[in-house]
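Here is the structure we will look at.
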Amino acid sequence: MLEEFLYLLAIFFILIVFGTMAVAGFRGAPWVPTKKKDLDRLIKLADIQEGDTIYELGSGDGRILFEIAKRYRVDAIGVEISLLPYLYSKTKLWLMNTIFVQKMKGKVSIVYRDMFQQKLESADIVICFLLPKVIRELEKKFSKELKKNAKVVSYVFPLELHNALAVDKPEKSNISIFLYRF
Ligand SMILES: C[S@@+](CC[C@H](N)C(=O)[O-])C[C@H]1O[C@@H](n2cnc3c(N)ncnc32)[C@H](O)[C@@H]1O
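If you want it as structure tokens, here you go:
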């Protein structure tokens, strides 16, 4: 009886994990992390100021948020809909705050939410690495909700309706990172 229950529980968990992954792939982009070697370029381009509120839409394993919070006294909020990266990043955050006690200047929080449900009025910077079809939809949300002078940093794919303030691509082989100001 217990064996059957555990078996069903395992199947249920696997279905939820793959189900939310499929939703994420459809609603935004599959989980493909930003390359570690590009983190410096991305963070530099964002021109982060102390006290900024930063949202990452589709925060994956949280690597960008953790790196930012190590360097700046900011509020860094990740929004993630896929269960596996969400649980992974939450566990990492918990471990960093409790067992390994990594000194972070900023505060990281990660919420389980569809990015389209996330209010962005308080954002100074929004970071994303999403597919063009979703960026197209998000751009309308940015125009409606972002305050004047808020920045958007998009890894790999550009926005369609706005002109980039800067594009970081030091060499031909590098991935492009786009900066926008609203
Ligand atoms: C290409 S990955 C980027 C991950 C992370 N930002 C990074 O750069 O390492 C896109 C992420 O967006 C998440 N995602 C896709 N659609 C989403 C949605 N509608 N709401 C929240 N997160 C979403 C995926 O689960 C995935 O983790």
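Be aware that the sequence shown starts at 176, since it is given in the working numbering, and climbs by one per residue.
Glycine included, each C-beta is placed from N, C-alpha and C at the ideal position.
Computed from a prediction, not measured in an experiment: that's the story for all the values here.
Check	Outcome
Quick one: which unbroken alpha helix (DSSP H) runs of 4-plus residues sit fully inside the stretch 193-252? Chain order, please.	214-221 and 238-246
Given alanine 244, which residues of its chain have a CB within under 8 Å of its CB, disregarding the five upstream and five downstream residues?	Ala251, Met279, Lys280, Gly281, Lys282 and Val283
Suppose you measure from the CA of isoleucine 274 to the CA of alanine 185; what does that come to, to the nearest Å?	28 Å
Sorted by chain position, which residues of the same chain lie with C-beta nearer than 8 Å to lysine 265's C-beta, five sequence neighbours on each side aside?	Ile285
Should the stretch 186-198 be regarded as contacting the stretch 290-304, the criterion being three or more beta carbon pairs within less than 8 Å?	no
At a cut of 8 Å, does the stretch 195-212 reach the stretch 317-329 through at least three beta carbon pairs?	no
Which runs of the alpha helix (DSSP H) fall wholly inside the stretch 252-298 and span at least 4 residues, in chain order?	258-272
Look at the Cβ atom of leucine 336, then the Cβ atom of alanine 204, and state whether they are nearer than 7 Å.	no
Can you check which of these residues, Gln277, Val207, Asn349 and Gln292, is closest to serine 234 by C-alpha distance?	Val207
Measuring only from the beta carbon, is glutamate 255 closer than 6 Å to any heavy atom that is part of ligand 1?	yes
Closest to lysine 344 by C-alpha separation, out of Phe304, Phe188, Leu259 and Tyr330, would be which residue?	Tyr330
Please list, in chain order, all residues of the same chain as glycine 326 whose beta carbon is under 6 Å from its beta carbon, the five residues on each side excluded.	Reading off the sequence shown, one finds lysine at residue 326, where the question assumed glycine. Within the same chain, lysine 326 has close Cβ partners Ile300 and Arg356.
According to DSSP, is lysine 323 helix, strand or coil?	coil
Measure the alpha-carbon distance for isoleucine 302 versus valine 254 and round it to whole angstroms.	11 Å
So, helix, strand or coil for valine 309, using DSSP?	helix
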